[in-house]
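Undergrad:
2 protein chains.
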Amino acid sequence: MSHHASTGSQLLRIGDIARATGKTVRAIHLYEELGLLKPASRSSGGFRLYEPSAVERVRWIDLLHGLGFSLQEMREVLKAWWGAGLGPEAMDQLRTLFKRKLEDTREAVRRHRQFEVELQEGLAYLETCRGCATPQAPPRGCVTCTQDHGMEQEPALLAGLKSLPGPARRPARSGFVPVEDVE
Amino acid sequence: MSHHASTGSQLLRIGDIARATGKTVRAIHLYEELGLLKPASRSSGGFRLYEPSAVERVRWIDLLHGLGFSLQEMREVLKAWWGAGLGPEAMDQLRTLFKRKLEDTREAVRRHRQFEVELQEGLAYLETCRGCATPQAPPRGCVTCTQDHGMEQEPALLAGLKSLPGPARRPARSGFVPVEDVE
DNA sequence: CCTCACCCTTACGTAGACGTTAGATTGCGC
DNA sequence: GCGCAATCTAACGTCTACGTAAGGGTGAGG
Numbered sequence: 000m001s002h003h004a005s006t007g008s009q010l011l012r013i014g015d016i017a018r019a020t021g022k023t024v025r026a027i028h029l030y031e032e033l034g035l036l037k038p039a040s041r042s043s044g045g046f047r048l049y050e051p052s053a054v055e056r057v058r059w060i061d062l063l064h065g066l067g068f069s070l071q072e073m074r075e076v077l078k079a080w081w082g083a084g085l086g087p088e089a090m091d092q093l094r095t096l097f098k099r100k101l102e103d104t105r106e107a108v109r110r111h112r113q114f115e116v117e118l119q120e121g122l123a124y125l126e127t128c129r130g131c132a133t134p135q136a137p138p139r140g141c142v143t144c145t146q147d148h149g150m151e152q153e154p155a156l157l158a159g160l161k162s163l164p165g166p167a168r169r170p171a172r173s174g175f176v177p178v179e180d181v182e
Numbered sequence: 000m001s002h003h004a005s006t007g008s009q010l011l012r013i014g015d016i017a018r019a020t021g022k023t024v025r026a027i028h029l030y031e032e033l034g035l036l037k038p039a040s041r042s043s044g045g046f047r048l049y050e051p052s053a054v055e056r057v058r059w060i061d062l063l064h065g066l067g068f069s070l071q072e073m074r075e076v077l078k079a080w081w082g083a084g085l086g087p088e089a090m091d092q093l094r095t096l097f098k099r100k101l102e103d104t105r106e107a108v109r110r111h112r113q114f115e116v117e118l119q120e121g122l123a124y125l126e127t128c129r130g131c132a133t134p135q136a137p138p139r140g141c142v143t144c145t146q147d148h149g150m151e152q153e154p155a156l157l158a159g160l161k162s163l164p165g166p167a168r169r170p171a172r173s174g175f176v177p178v179e180d181v182e
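Structure follows, in structure tokens:
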């Protein structure tokens, strides 16, 4: 229980940060290159030494990154926070940024919810396909029974699948090829 | 009214598809390279000629793309649809794919809604900053008055901003530099 | 026949967020 | 003082969804 986690002062080395956050060393290097993170100091040999709060920082980066912020945008946030004299001007910039992101986020939620609906419809449609392969119907599959799935119209997600290229240059597994493909 | 839209047969040229879908010619080329789209034929000179349904196809691609599908994933969808003998097996693959995407989507919605909340909290916090720059308080800005914003705890979005690097090597606009930065 | 917009292929460029060597140090247990 | 993991810097590789020439055919109106 003595040989790990950079035993010593309370300063952490880059590997500790990496383990604590799930990020790679390279990623943390990158964050530093972009000005998102800076080691509190360096060891005499040049090793980066971070205070524990750096872990928080990286988690913050991860949070924002997972939510559509680019690293550049995070730079903007930091610039807004520390720039402009730390005054009300900076706060205004942040508010603007946040409001913009709030719009983006709401839009994203709308789109994803819509997508959720589409997916459910698609799945419902595919459920009705189960019966298509019963002995009563020829095993040609679901493609041929598109008119009577008991749904008024095809889900948007399946609408693009009709009349298709198929896997490039795959003659349709029946052995013959449509004339215009022969050449 | 006679000299546009590739007058002639009902086959469309690539530019028509592009105009009809808002995509660029290059993009459509790419979709073909990836096996997502194939011209019905070629003109004697080599021009791609599409049937009108290709427009539907491209719109479908656009829809899925706008919702987190990568072009590769669309390939998988097409492969699942046309591969596996077009039978129930293919439908199973599609169902699996859709279910996975449904999970992803729901997760995305959760995360974005959470983010929405965070942003709102962040904005609320920043609102309380307005008063920080009044003549009663020194114009040092909001950073120094972090303890009394009337909120129990800081919004997560602002939690990563404390104890920071600041814009790389920018001495803090007052003309002097902290000792450890002088070197 | 001419022209000029449209199209062809080939191939390199871009941006974001790292991954991946590679060669050279450092640091800590033993 | 050895050894080996951890770190260093520098720089090129990767994946995605195209953008952007470069250099040269095509085709339909005039």
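Quick note, the sequences are listed as chains Y and E, same order.
In this text, residue positions in the first sequence follow numbering that gives the first Met the number 0: the first is 0, and each later residue adds one.
In this text, residue positions in the second sequence follow numbering that gives the first Met the number 0: the first is 0, and each later residue adds one.
Glycine residues also receive a C-beta, built at the ideal position from the N, C-alpha and C atoms.
Kindly list, in the order they appear in chain E, the residues whose Cβ is closer than 8 Å to that of A158/Y.
TA: Against the first sequence, residue 158/Y aligns to sequence position 159. Within 8 Å Cβ-Cβ: E55 and W59.
Undergrad: Would you say A19/E reaches chain Y, if we count a Cβ-Cβ gap shorter than 8 Å as a contact?
TA: On the second sequence, position 20 is the one that residue 19/E refers to. No - not a single Cβ of chain Y is within 8 Å of the one on A19/E.
Undergrad: Do M90/E and L156/Y count as a contact pair if the criterion is CB distance below 8 Å?
TA: As a first step, residue 156/Y is located in the first sequence; it is residue number 157 there, counting from the start. As a first step, residue 90/E is located in the second sequence; it is residue number 91 there, counting from the start. Going by C-beta atoms, L156/Y is not nearer than 8 Å to M90/E.
Undergrad: Taking 8 Å as the CB-CB cut-off, is P137/E touching chain Y?
TA: Numbered from its first residue, the second sequence carries residue 137/E at position 138. Bear in mind that the predicted position of P137/E carries a pLDDT of just 46, short of 50, making it too unreliable to give a figure here.
Undergrad: What in chain E is Cβ-close to V108/Y, meaning under 8 Å?
TA: Stepping through the first sequence from its first residue, residue 108/Y is reached at position 109. Near V108/Y (Cβ distances below 8 Å), the residues of chain E are V108, H111, R112 and E115.
Undergrad: Could you tell me which chain Y residues have their CB closer than 9 Å to the CB of G65/E, listed as they occur along the chain?
TA: Counted from its first residue, the second sequence places residue 65/E at position 66. The contacting residues are R110 and F114.
Undergrad: Compute the Euclidean distance between the alpha carbons of K98/Y and Q119/E, then round it to the nearest angstrom.
TA: Here the question's residue 98/Y lines up with position 99 in the first sequence. Here the question's residue 119/E lines up with position 120 in the second sequence. Roughly 9 Å separates the two Cα atoms.
Undergrad: Does the separation of the CB atoms of R47/E and P38/E fall below 8 Å?
TA: By one-based count along the second sequence, residue 47/E stands at place 48. By one-based count along the second sequence, residue 38/E stands at place 39. Result yes, Cβ atoms of R47/E and P38/E sit closer than 8 Å.
Undergrad: Under 8 Å, do L36/Y and R74/Y count as touching if we go by C-beta distance?
TA: In the first sequence, counting from the first residue as 1, residue 36/Y sits at position 37. In the first sequence, counting from the first residue as 1, residue 74/Y sits at position 75. No, they are not a contact pair.
Undergrad: Please list, in chain order, all residues of the same chain as I16/Y whose beta carbon is under 7 Å from its beta carbon, the five residues on each side excluded.
TA: Residue 16/Y sits at position 17 when you count from the first residue of the first sequence. Only I27, Y49, A53, V54 and V57 meet the Cβ criterion.
Undergrad: Does the distance from the CB of L66/Y to the CB of H111/E come in under 8 Å?
TA: Here residue 66/Y corresponds to residue number 67 of the first sequence, with the count starting at 1. Here residue 111/E corresponds to residue number 112 of the second sequence, with the count starting at 1. Going by C-beta atoms, L66/Y is nearer than 8 Å to H111/E.
Undergrad: Grab me the residues of E115/E's own chain with a C-beta within less than 8 Å of its C-beta, minus the 5 sequence neighbours each way, in chain order.
TA: Counted from its first residue, the second sequence places residue 115/E at position 116. Excluding sequence neighbours, E115/E sits near nothing in its chain.
Undergrad: Looking at the secondary structure, which residues open and close the alpha helix (DSSP H) in which L156/E lies?
TA: Locating residue 156/E in the second sequence gives position 157, where the first residue counts as 1. From DSSP, the alpha helix (DSSP H) with L156/E extends over A155 to A158.
Undergrad: May I have a chain-ordered list of the beta strand (DSSP E) segments no shorter than 3 residues that lie completely inside the stretch 41 to 65 of chain E?
TA: Here the runs fully enclosed are 47 to 49.
Undergrad: What number of angstroms, rounded off, separates the C-alpha of V76/E from the C-alpha of Y30/E?
TA: For the purposes of this step, residue 76/E is taken as the residue at position 77 of the second sequence. For the purposes of this step, residue 30/E is taken as the residue at position 31 of the second sequence. Spanning the two alpha carbons is a distance of roughly 14 Å.
Undergrad: Chain Y partners of K100/E, CB-CB under 7 Å?
TA: Along the second sequence, one-based indexing puts residue 100/E at 101. L118, listed in chain order.
Undergrad: Thinking L96/E and A79/E are a contact (beta carbons under 8 Å), I'd like their distance in whole angstroms, please.
TA: Counting from one through the second sequence, the residue named residue 96/E turns up at place 97. Counting from one through the second sequence, the residue named residue 79/E turns up at place 80. Yes, L96/E and A79/E are in contact; Cβ-Cβ is about 6 Å, under 8 Å.
Undergrad: If you draw a straight line from the C-alpha of S43/Y to the C-alpha of D61/Y, how long is it?
TA: In the first sequence, residue 43/Y corresponds to position 44, counting from 1. In the first sequence, residue 61/Y corresponds to position 62, counting from 1. Roughly 30 Å separates the two Cα atoms.
Undergrad: Between R47/Y and chain E, is any beta-carbon pair separated by less than 8 Å?
TA: Working through the first sequence from its first residue, we reach residue 47/Y at position 48. By this cut-off, R47/Y is not an interface position.
Undergrad: Whose C-alpha, out of L160/Y, L11/Y, W59/Y and L33/Y, is nearest the C-alpha of E117/E?
TA: Walking along the second sequence from the start, residue 117/E turns up at place 118. For E117/E, the nearest C-alpha among the options comes from W59/Y.
Undergrad: Taking Cβ-Cβ distances shorter than 7 Å, what residues in chain Y pair up with G121/E?
TA: Working through the second sequence from its first residue, we reach residue 121/E at position 122. Under the 7 Å cutoff, chain Y gives F97.
Undergrad: Taking the C-alpha atoms as reference points, what is the distance between R40/E and L10/E?
TA: As a position in the second sequence, residue 40/E is number 41, starting the count at 1. As a position in the second sequence, residue 10/E is number 11, starting the count at 1. Before going on, a small fix: residue 40/E reads as Ser here, not Arg. Rounded to the nearest angstrom, the two C-alpha atoms are 9 Å apart.
Undergrad: With DSSP as the reference, label L125/Y as helix, strand or coil.
TA: Walking along the first sequence from the start, residue 125/Y turns up at place 126. L125/Y falls in the helix class under three-state DSSP.
Undergrad: Starting from R12/E, find everything on chain Y with Cβ-Cβ shorter than 9 Å and list it in chain order.
TA: Numbered from 1 along the second sequence, position 13 holds the residue referred to as residue 12/E. Ordered by position in chain Y, no residue passes the 9 Å Cβ test against R12/E, which lies about 17 Å from the chain.
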